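*Asks:* This is the structure I have questions about; it appears just below.
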Amino acid sequence: MSGETKSPEAAGRSGGTRPGRASGTDADTASGTAAVPGDLAMTRVLWPFMLASAVGLVPFTVYSTFLVPMAEVSGGGVAALGQLRGLGGLAALAVGTALAPLIDRVRREWAAAGGLAVLAVSAALGTSGEFLLLAAFCLLVGAGTAVLNPALTAAAADRFDHDAAAGRAATLVTATQSLTALLAAPLVALPALVWGWRGDLWAIAAICAALALYFLLRGRRGTGAEAAGATERPGYLESFRLLGALPGVVPLILVALLRTAAFMGYLAYLAAFYDERFGLAPEPFALVWTLSGTAFFLGNLLAGRLLSSDRATVPAERLMTYGLVVALAALAGVFFTHSLWLALPLTALVGAGHATVAACVTTSLVRRCGSLRGTALSVNAAGMSFGVFLGAGLGGVGLALGGFAGTAAALGGLTLVALVLARVAARSPAPAGD
């Protein structure tokens, strides 16, 4: 570690004003605090990050959408190819944790360019259809997104000096991801009618390569002051120590892990639940999936907007608690109701509640971690990758032992623990200026 070691509080709040970052408005308010720009104004600044964030979700969308024809070409079978998808999560967990401090030690644009380059290579490999190369595709997509997503979120936050604006910028990027997850399937299915799934992957490779070049050139335009500031970063292991010492950060990351486990475990068995309880075939169930995805997108978008408002009266940690209570009650209601017309709004509430919590965690990490926000967001993303496996596994155990009531108990238990940790985070000292 070069230079003087900062205290955890100083490291967390030293995000400061950096060259190249936009202020919240052209002029500060009378109180000296910059107002938060509108969503359109922020989108004009953040569109490259939002576009790259959207593209990062497409490779696995193509893989999931065309799993059957890919299995036929590879000769590996649908079950075997489905299991390869898990390699991406393991790679994201390992790479996201190992490289977390490096996100704060290099220019965000360069980290994003590296992640996009890995995605471009992975998509090109996937076009072969060979089983081993598809395994490499899954590993590389997981590794690439583990770097890309936190780099983009941190870079978006870095564009604004005001904490509320930085948090809003980060949630705009995550909201774009949730919208992409909702719309990506038809967007990749329609072009595939013309050029097939291989054409989709070649198109992704080309777009990722072009974006990687854009971010590489954009990163080279950074100022000397930014480069000088990078030399004052804490060392690799020191970054983890400082991050863990920041008030409320560890509970927030654990909330994100457990929330993801509960939500993804719920989604893993939602189709089976609607089929058994209400007799919904896959085609009509697609509407339920759309309802859940739309609720998640709107919840994420509106929660982020509320938290960035100058008139916001609810702190992020308190809103996070409300979101978890709603998600817990709605999840229990979904699995215990026998009325389709009650299950549908409850399904929407589960999505909205979890989206609110996701926006609150991102906003709180951005505000609390300052110059360590890249490390925090990377560790948070890695934790959520682990949460996907934890939720699916515990949900399956609950289903085997007690049917859908057992699944509700297992996933509800995860949400309840997250609720306790949210209260711990709420009692932690907030960063200066909040």
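For the working numbering, count along the sequence shown from 1 and bump the result up by 27.
Every residue gets a Cβ at the ideal spot worked out from N, C-alpha and C, and that includes glycine.
Owing to the predicted nature of the structure, the values given are computational and were not obtained by experimental measurement.
Any idea what DSSP makes of PHE187, helix, strand or coil?
*Replies:* As a first step, residue 187 is located in the sequence shown; it is residue number 160 there, counting from the start. Residue state, collapsed to three classes: strand.
*Asks:* I'd like to check one pair, THR442 with ALA354: are the Cβ atoms closer than 8 angstroms?
*Replies:* Working through the sequence shown from its first residue, we reach residue 354 at position 327. Working through the sequence shown from its first residue, we reach residue 442 at position 415. Yes.
*Asks:* Examine the Cβ distances between the segment 120-140 and the segment 391-409 and report whether three or more of them are shorter than 8 angstroms.
*Replies:* Contact between the segment 120-140 and the segment 391-409 is present, because at least three Cβ pairs lie under 8 angstroms.
*Asks:* Alpha carbon to alpha carbon, what distance is there between ALA98 and ALA449?
*Replies:* Here residue 449 is taken as the residue at index 422 of the sequence shown, counted from 1. Here residue 98 is taken as the residue at index 71 of the sequence shown, counted from 1. Each residue's alpha carbon lies about 42 angstroms from the other.
*Asks:* LEU376: which of LEU325, PHE87, ALA436 and LEU114 sits nearest, CA to CA?
*Replies:* One-based indexing of the sequence shown puts residue 376 at position 349. Checked all of LEU325, PHE87, ALA436 and LEU114; the closest Cα to LEU376 is LEU325.
*Asks:* Considering only C-alpha positions, which residue in the set GLY418, VAL145, PHE312 and LEU143 is nearest to LEU371?
*Replies:* Taking the sequence shown and counting its residues from 1, one reaches residue 371 at position 344. Ranking GLY418, VAL145, PHE312 and LEU143 by Cα distance to LEU371 puts PHE312 first.
*Asks:* Give the secondary structure of GLY109 by DSSP, where H, G and I count as helix, E and B as strand, and everything else as coil.
*Replies:* Translated into positions along the sequence shown, residue 109 becomes position 82. Helix at GLY109.
*Asks:* Run through DSSP, which three-state label would ALA308 get?
*Replies:* Stepping through the sequence shown from its first residue, residue 308 is reached at position 281. Correct three-state label for ALA308: coil.
*Asks:* Ends of the alpha helix (DSSP H) at GLU344?
*Replies:* Within the sequence shown, numbered from 1, the residue matching residue 344 stands at position 317. GLU344 -> alpha helix (DSSP H) spans 343-363.
*Asks:* Spatial neighbours of MET291 within its chain, please: CB distance less than 7 angstroms, with the 5 preceding and 5 following residues excluded, ordered by chain position.
*Replies:* Within the sequence shown, the letter at position 264 stands for residue 291. Taken in chain order, the residues that qualify are GLY414, VAL415, GLY418 and ALA419.
*Asks:* Taking only three categories from DSSP, how would you classify PHE416?
*Replies:* Here residue 416 is taken as the residue at index 389 of the sequence shown, counted from 1. The answer is helix: DSSP assigns PHE416 an H, G or I state.
*Asks:* Closest to LEU399 by CA distance: which of TYR90, PRO274 and GLY103 is it?
*Replies:* Sequence index remark: in the sequence shown, residue 399 carries index 372 (1-based). Comparing Cα positions, the closest option is PRO274.
*Asks:* Let me confirm a value: ASP302 is counted as buried when at least 16 other C-beta atoms fall within 10 Å, else exposed. Which label applies?
*Replies:* Here residue 302 is taken as the residue at index 275 of the sequence shown, counted from 1. So ASP302 counts as exposed.
*Asks:* My assumption, with CB atoms under 8 angstroms, is that PRO86 sits in contact with TYR241. Please give the rounded CB distance.
*Replies:* Here residue 86 refers to the residue found at position 59 of the sequence shown. Here residue 241 refers to the residue found at position 214 of the sequence shown. Contact doesn't hold; Cβ gap of about 18 angstroms is too wide.
*Asks:* Does the separation of the CB atoms of VAL105 and ALA192 fall below 8 angstroms?
*Replies:* Looking up residue 105 in the sequence shown gives position 78. Looking up residue 192 in the sequence shown gives position 165. No, the pair does not count as a contact, with Cβ atoms beyond the cut-off.
*Asks:* Assign TRP368 to buried or exposed, taking buried as 16 or more other Cβ atoms, counted over all protein chains shown, within 10 Å of its Cβ.
*Replies:* Sequence index remark: in the sequence shown, residue 368 carries index 341 (1-based). By the 10 Å Cβ count, TRP368 comes out exposed.
*Asks:* Rounded to whole angstroms, what is the Cα-Cα separation between LEU329 and SER336?
*Replies:* Translated into positions along the sequence shown, residue 329 becomes position 302. Translated into positions along the sequence shown, residue 336 becomes position 309. Cα to Cα, LEU329 sits roughly 11 angstroms from SER336.
*Asks:* Give me the residue from LEU120, SER149, ARG395 and SER391 with the minimum Cα distance to ALA236.
*Replies:* Along the sequence shown, read from residue 1 onward, the residue named residue 236 stands at position 209. Among LEU120, SER149, ARG395 and SER391, the Cα nearest to that of ALA236 is on SER149.
*Asks:* LEU273 by DSSP, collapsed to three states: which one?
*Replies:* Against the sequence shown, residue 273 aligns to sequence position 246. LEU273 falls in the coil class under three-state DSSP.
*Asks:* Which two residues bound the contiguous alpha helix (DSSP H) that contains PHE93?
*Replies:* Against the sequence shown, residue 93 aligns to sequence position 66. Careful: PHE93 lies outside any alpha helix (DSSP H) and carries neither H nor E.
*Asks:* Where GLY425 and GLY262 are concerned, what is the direct C-alpha to C-alpha distance, given to the nearest angstrom?
*Replies:* Taking the sequence shown and counting its residues from 1, one reaches residue 425 at position 398. Taking the sequence shown and counting its residues from 1, one reaches residue 262 at position 235. Distance between the alpha carbons of GLY425 and GLY262: 43 angstroms.
*Asks:* Does DSSP classify THR154 as helix, strand or coil?
*Replies:* Here the question's residue 154 lines up with position 127 in the sequence shown. Coil.
*Asks:* Can you find the residues in the same chain that come closer than 6 angstroms, C-beta to C-beta, to ALA452, ignoring five residues on each side of it along the sequence?
*Replies:* Locating residue 452 in the sequence shown gives position 425, counting from the first residue. Cβ neighbours of ALA452 beyond the five flanking positions: GLY275, PRO278, LEU279 and GLU344.
*Asks:* So, are the CB atoms of VAL168 and GLY142 less than 8 angstroms apart?
*Replies:* Indexing the sequence shown from 1 puts residue 168 at position 141. Indexing the sequence shown from 1 puts residue 142 at position 115. Not closer than 8 angstroms, so no.
*Asks:* Here's the rule: buried if 16 or more other CB atoms are within 10 angstroms of the residue's CB, otherwise exposed. What is TRP222?
*Replies:* In the sequence shown, the residue the question calls residue 222 occupies position 195. Classification of TRP222: exposed, given that the 10 Å Cβ count is below 16.
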